[in-house]
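Protein chains in written order, with this note's numbering: chain A, 1 to 205; chain B, 206 to 410; chain C, 411 to 615; chain D, 616 to 820. Each remark here refers to the structure printed beneath this line.
4 protein chains.
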Amino acid sequence: MSVYSVREELKPSGLNGISDEQINDHWNLYVGYVNNANALHKELADMRANGQGGTAAYTDRRRRFGFEYDGMVLHEYYFGNLKAGVSRNDSGAFSKAVAEQFGSVEAWIEDFKTCGKSRGIGWAVAYFDPATGQINNHFIQHHEDGHIAGFAPLAIMDCFEHAWMVDHGAGGRGAYIDAVVENLNWDVLDERTQAAQEGKIWKRF
Amino acid sequence: MSVYSVREELKPSGLNGISDEQINDHWNLYVGYVNNANALHKELADMRANGQGGTAAYTDRRRRFGFEYDGMVLHEYYFGNLKAGVSRNDSGAFSKAVAEQFGSVEAWIEDFKTCGKSRGIGWAVAYFDPATGQINNHFIQHHEDGHIAGFAPLAIMDCFEHAWMVDHGAGGRGAYIDAVVENLNWDVLDERTQAAQEGKIWKRF
Amino acid sequence: MSVYSVREELKPSGLNGISDEQINDHWNLYVGYVNNANALHKELADMRANGQGGTAAYTDRRRRFGFEYDGMVLHEYYFGNLKAGVSRNDSGAFSKAVAEQFGSVEAWIEDFKTCGKSRGIGWAVAYFDPATGQINNHFIQHHEDGHIAGFAPLAIMDCFEHAWMVDHGAGGRGAYIDAVVENLNWDVLDERTQAAQEGKIWKRF
Amino acid sequence: MSVYSVREELKPSGLNGISDEQINDHWNLYVGYVNNANALHKELADMRANGQGGTAAYTDRRRRFGFEYDGMVLHEYYFGNLKAGVSRNDSGAFSKAVAEQFGSVEAWIEDFKTCGKSRGIGWAVAYFDPATGQINNHFIQHHEDGHIAGFAPLAIMDCFEHAWMVDHGAGGRGAYIDAVVENLNWDVLDERTQAAQEGKIWKRF
Chain A
1 MSVYSVREEL
11 KPSGLNGISD
21 EQINDHWNLY
31 VGYVNNANAL
41 HKELADMRAN
51 GQGGTAAYTD
61 RRRRFGFEYD
71 GMVLHEYYFG
81 NLKAGVSRND
91 SGAFSKAVAE
101 QFGSVEAWIE
111 DFKTCGKSRG
121 IGWAVAYFDP
131 ATGQINNHFI
141 QHHEDGHIAG
151 FAPLAIMDCF
161 EHAWMVDHGA
171 GGRGAYIDAV
181 VENLNWDVLD
191 ERTQAAQEGK
201 IWKRF
Chain B
206 MSVYSVREEL
216 KPSGLNGISD
226 EQINDHWNLY
236 VGYVNNANAL
246 HKELADMRAN
256 GQGGTAAYTD
266 RRRRFGFEYD
276 GMVLHEYYFG
286 NLKAGVSRND
296 SGAFSKAVAE
306 QFGSVEAWIE
316 DFKTCGKSRG
326 IGWAVAYFDP
336 ATGQINNHFI
346 QHHEDGHIAG
356 FAPLAIMDCF
366 EHAWMVDHGA
376 GGRGAYIDAV
386 VENLNWDVLD
396 ERTQAAQEGK
406 IWKRF
Chain C
411 MSVYSVREEL
421 KPSGLNGISD
431 EQINDHWNLY
441 VGYVNNANAL
451 HKELADMRAN
461 GQGGTAAYTD
471 RRRRFGFEYD
481 GMVLHEYYFG
491 NLKAGVSRND
501 SGAFSKAVAE
511 QFGSVEAWIE
521 DFKTCGKSRG
531 IGWAVAYFDP
541 ATGQINNHFI
551 QHHEDGHIAG
561 FAPLAIMDCF
571 EHAWMVDHGA
581 GGRGAYIDAV
591 VENLNWDVLD
601 ERTQAAQEGK
611 IWKRF
Chain D
616 MSVYSVREEL
626 KPSGLNGISD
636 EQINDHWNLY
646 VGYVNNANAL
656 HKELADMRAN
666 GQGGTAAYTD
676 RRRRFGFEYD
686 GMVLHEYYFG
696 NLKAGVSRND
706 SGAFSKAVAE
716 QFGSVEAWIE
726 DFKTCGKSRG
736 IGWAVAYFDP
746 ATGQINNHFI
756 QHHEDGHIAG
766 FAPLAIMDCF
776 EHAWMVDHGA
786 GGRGAYIDAV
796 VENLNWDVLD
806 ERTQAAQEGK
816 IWKRF
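Below is the structure:
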């Protein structure tokens with residue numbers, strides 16, 4: 001009676017500069033988050049059913065939503081926006097929006113890269129503000145520290161060490177980030193942006 | 206050329222058990238977040254324009270999106286879901302959803318209250334998962350630690366000390382939380398939930 | 411069989427610009443941390459004794475050491491370095507050290523004040539590095555985020571809202587920080603610094 | 616005019632179950648923290664000298680002490696307590712203390728291992744409380760979240776992915792933790808503990 005399932009359709013392969021071995025190692029971590037999200041969800045429901053909903057243990061297990069849920073969700077967004085060989089469409093919704101705000105798509109890319117190089121581990125996320133239509137790059141520390149309530153995530157890049165260590169060892173962050181940008185699925189970014197701009201909440205894809 | 210404005214229409218008054226003096230003191234903090242969100246947005250744009258987008262100072266100022274933006278956004282959600290005298294509608298979208306998941310609306314309220322009493326300061330947020338329709342109470346530490354990417358915030362309660370200290374002093378968290386639940390605007394919760402269930406992204410209200 | 415006791419001898423009174431009512435309200439929070447530190451310590455020992463030391467609940471309760479222990483410890487350091495009317499001694503160990511590093515004691519004070527005004531709630535801590543003798547002001551977010559392992563805390567200022575709201579309301583941070591500096595017990599700072607410089611670990615006082 | 620230097624004498628080699636290649640990759644990260652700690656220290660001093668000590672940029676760069684300094688310091692503690700082939704001495708200060716508190720050294724080891732397996736990345740640290748003599752295992756998230764002010768770190772284990780990925784890939788945390796315990800330098804743990812018990816602050820070693 002699980003709530004969440006592994007989203008096999010999102011698994012990338014044949015990327016440029018990110019090996020399938022790296023993706024496979026990484027994918028196993030994602031599967032772990034799905035399992036842990038389901039386990040946490042069930043444990044909390046069981047504790048409530050057993051009258052333990054007011055205990056400190058329940059409260060502190062509940063704090064783990066951030067880590068386990070974001071650990072699952074962000075990986076889905078991330079794998080879902082990676083694909084080799086998708087050309088950028090300058091008239092796509094994402095490209096148009098960031099070009100207007102940052103001056104050019106290249107300037108947004110530069111900012112996204114430096115965001116991904118922020119000291120510490122975490123994620124770079126281009127977030128859409130539904131109230132203003134603005135898109136900014138946010139660095140999320142760990143999985144859960146720095147998200148904005150109600151903003152829509154558009155472009156997502158994993159910046160945990162596991163994302164590059166198989167291919168590059170500990171020092172490979174820069175080369176990895178270049179490769180991620182090389183493999184961004186611009187069609188997906190446009191699709192996500194268009195949905196957000198039309199006021200549609202979208203399931204994770 | 207500010208991006209964000211103070212949302213005067215959201216300011217509550219005449220609540221039961223939360224004084225207007227308390228709300229006024231609290232509102233001033235919210236105004237401060239709007240100003241700081243605008244200032245941060247402008248400062249980052251200026252730094253990029255001045256070729257400082259790759260500096261450590263820029264990177265570390267960018268980390269403050271979480272605090273300043275959530276500080277603004279969460280207060281808008283919070284003030285926006287407080288109103289005296291709104292009766293709960295058991296067939297409303299929010300009530301139906303949480304009753305199904307928690308067993309009863311009362312059980313959800315109990316869980317929301319204990320969530321708000323989590324040790325430390327922050328927020329209790331009932332979050333909607335667009336992929337499953339599930340609603341869970343999450344404790345957010347500070348303003349930015351614990352949000353789930355892409356989830357929709359439905360019911361929001363401020364649990365910083367400034368929210369109750371004017372009325373109660375440092376020890377008044379429990380009394381304050383009771384008062385918040387007393388003043389929840391169930392119509393707004395239903396409206397937010399219905400929008401989320403229909404796949405509509407909604408501006409903050 | 412408690413491990414920790416309330417340190418009554420540390421309670422300040424008659425401070426300049428910080429009312430006894432404010433201190434009393436604040437002291438009650440400190441007492442709560444002592445109780446919670448004892449409760450957490452006992453709960454973990456009991457869980458280990460009951461074979462629950464490997465559970466997720468144990469692991470997540472253990473994460474709370476940071477909040478509860480620092481909540482206790484930092485308040486002891488803070489109350490312990492507040493006293494009305496203690497004159498600064500320019501040849502004291504603390505003053506000499508920070509004057510050398512910052513240019514003057516006044517420059518250190520200025521830096522300590524701006525540290526205390528860092529956006530967000532937490533603590534300003536002047537930390538001594540035992541390996542170099544350097545003293546720097548660190549902003550600690552919440553109670554537990556930002557400490558340096560093995561460094562010795564010298565001057566400590568609480569920057570949670572409860573520290574000033576009784577006297578000033580939410581907007582009183584600046585006036586409160588001025589008052590704290592006005593009431594720093596320079597003798598205690600010198601004593602702590604001298605102990606650290608002599609390589610003595612000191613109990614909290 | 617650097618404040619910190621790389622501590623070459625702490626670099627381990629010939630460990631059991633942790634390859635020199637793994638240590639070398641890891642050591643490079645440590646060197647990066649030393650460089651970044653020096654750079655941050657200098658940048659803050661320069662900003663103060665240039666009258667920028669009151670800016671938001673200065674304040675936010677100062678927040679990075681936690682990450683850069685702990686990133687350096689914890690690696691020194693960690694490398695400094697790893698050595699192949701050091702037998703445990705049951706009458707050593709560390710072993711005696713934890714045996715008394717946990718029931719046996721084996722029980723402490725078990726607790727240290729589960730601490731190291733806490734979900735998320737960070738460190739397991741056995742911390743000594745100078746006020747009570749108690750030793751508990753604390754999980755530190757990232758480098759800086761969870762330390763206790765004024766406590767003395769005794770046994771330290773890195774639980775970032777870079778610590779095991781060269782040897783094991785992403786899934787190797789458990790095998791790595793076993794190997795760390797296998798290579799603990801019990802003489803160093805005893806030495807650190809004895810110093811702490813005698814009230815001596817000790818330089819990092």
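Cβ coordinates follow ideal geometry from the N, Cα and C atoms, glycine included.
Cβ-heavy atom distance, residue i to the ligand ZN, below 8 Å
| i | result |
| --- | --- |
| Thr260 of chain B | The ligand ZN is absent from the structure shown, which contains no ligands of any kind. |
Interface partners of residue i on chain D, CB under 9 Å
| i | result |
| --- | --- |
| Met47 of chain A | Those do not exist, as Met47 of chain A stays about 18 Å from chain D at its closest Cβ, beyond 9 Å. |
| Asn546 of chain C | His656, Leu659, Arg677, Phe680, Tyr684 |
Contacts that residue i makes with chain D (C-beta to C-beta distance below 7 Å)
| i | result |
| --- | --- |
| Pro422 of chain C | Chain D residues near Pro422 of chain C: none, gap ~19 Å exceeds 7 Å. |
Distance CB(residue i)-CB(residue j) smaller than 9 Å
| i | j | result |
| --- | --- | --- |
| Met457 of chain C | Tyr414 of chain C | no |
| Gly625 of chain C | Phe475 of chain C | Given a span of 411 to 615 for chain C in the structure shown, any question on residue 625 of chain C remains unanswerable. |
| Thr193 of chain A | Ala97 of chain A | yes |
| Val371 of chain B | Gly579 of chain C | yes |
| His143 of chain A | Asp25 of chain A | no |
| Ala93 of chain A | Glu21 of chain A | no |
| Phe344 of chain B | Ala329 of chain B | yes |
| Glu305 of chain B | Arg212 of chain B | no |
| Ala175 of chain A | Gly17 of chain A | yes |
| Leu279 of chain B | Asp334 of chain B | no |
| Thr211 of chain A | Gly259 of chain B | A question about residue 211 of chain A goes unanswered here, because the residues of chain A that appear run from 1 up to 205. |
| Gly814 of chain D | Asp555 of chain C | no |
Residue i: contacting residues in chain C (beta-carbon distance under 7 Å)
| i | result |
| --- | --- |
| Leu689 of chain D | Ala559 |
Bridge partners - residue i, DSSP secondary structure assignment
| i | result |
| --- | --- |
| His753 of chain D | D:Val740 |
| Leu697 of chain D | D:Leu799 |
| Ala357 of chain B | B:Phe333 |
| Asp760 of chain D | C:Asp555, D:Gln756 |
| Met457 of chain C | According to DSSP, which records beta bridges pairwise, Met457 of chain C is partnered with nothing at all. |
| Asp773 of chain D | D:Trp738 |
| Lys200 of chain A | B:Lys405 |
Assumed close pair residue i, residue j - CB separation to whole angstroms, cut-off 8 Å
| i | j | result |
| --- | --- | --- |
| Ile750 of chain D | Ala764 of chain D | No, Ile750 of chain D and Ala764 of chain D are not in contact; Cβ-Cβ is about 17 Å, not under 8 Å. |
| Arg63 of chain A | Asp470 of chain C | 7 Å |
| Ile109 of chain A | Val181 of chain A | 6 Å |
| Gly731 of chain D | Ile792 of chain D | 5 Å |
| Ala811 of chain D | Ile611 of chain C | 6 Å |
| Ala242 of chain B | Tyr274 of chain B | 6 Å |
Proximal residues of chain C, C-beta to C-beta of residue i below 9 Å
| i | result |
| --- | --- |
| Gln346 of chain B | His552 |
| Arg324 of chain B | Asn446, Arg474, Phe477, Glu478, Gly481 |
Contact list for residue i against chain D, beta-carbon separation under 8 Å
| i | result |
| --- | --- |
| His436 of chain C | Within 8 Å Cβ-Cβ: nothing; His436 of chain C doesn't reach chain D, min ~18 Å. |
| Asp521 of chain C | Arg663, Gly668 |
Beta-carbon neighbours of residue i, restricted to chain A and to distances below 8 Å
| i | result |
| --- | --- |
| Ala357 of chain B | Gly150, Ile201 |
Chain-ordered neighbours of residue i on chain A, where CB pairs are closer than 9 Å
| i | result |
| --- | --- |
| Gly668 of chain D | By Cβ distance, chain A contributes nothing, its closest Cβ being about 22 Å from Gly668 of chain D, past 9 Å. |
| Met780 of chain D | Asp25, Glu161, His162, Met165, Val166, Gly169, Ala170 |
Chain C residues whose Cβ lies nearer than 8 Å to that of residue i
| i | result |
| --- | --- |
| Thr747 of chain D | Val413, Tyr414 |
Within chain B, partners of residue i - CB distance below 7 Å
| i | result |
| --- | --- |
| Leu439 of chain C | Ala375 |
Per-residue contacts from residue i into chain B (C-beta, under 8 Å)
| i | result |
| --- | --- |
| Tyr211 of chain A | No statement about residue 211 of chain A is possible, as the shown extent of chain A runs from 1 to 205 and does not include it. |
Contact set between residue i and chain B, taken where Cβ atoms lie within less than 9 Å
| i | result |
| --- | --- |
| Ala196 of chain A | Ile406 |
query = Should the region 76-94 of chain A be called in touch with the region 149-157 of chain A, which here means at least 3 C-beta pairs below 8 Å?
reply = yes
message = Using a Cβ distance threshold of 8 Å, determine whether the region 588-607 of chain C contacts the region 498-515 of chain C, with at least three qualifying pairs required.
response = yes
ask   = Should the region 230-246 of chain B be called in touch with the region 303-314 of chain B, which here means at least 3 C-beta pairs below 8 Å?
value = no
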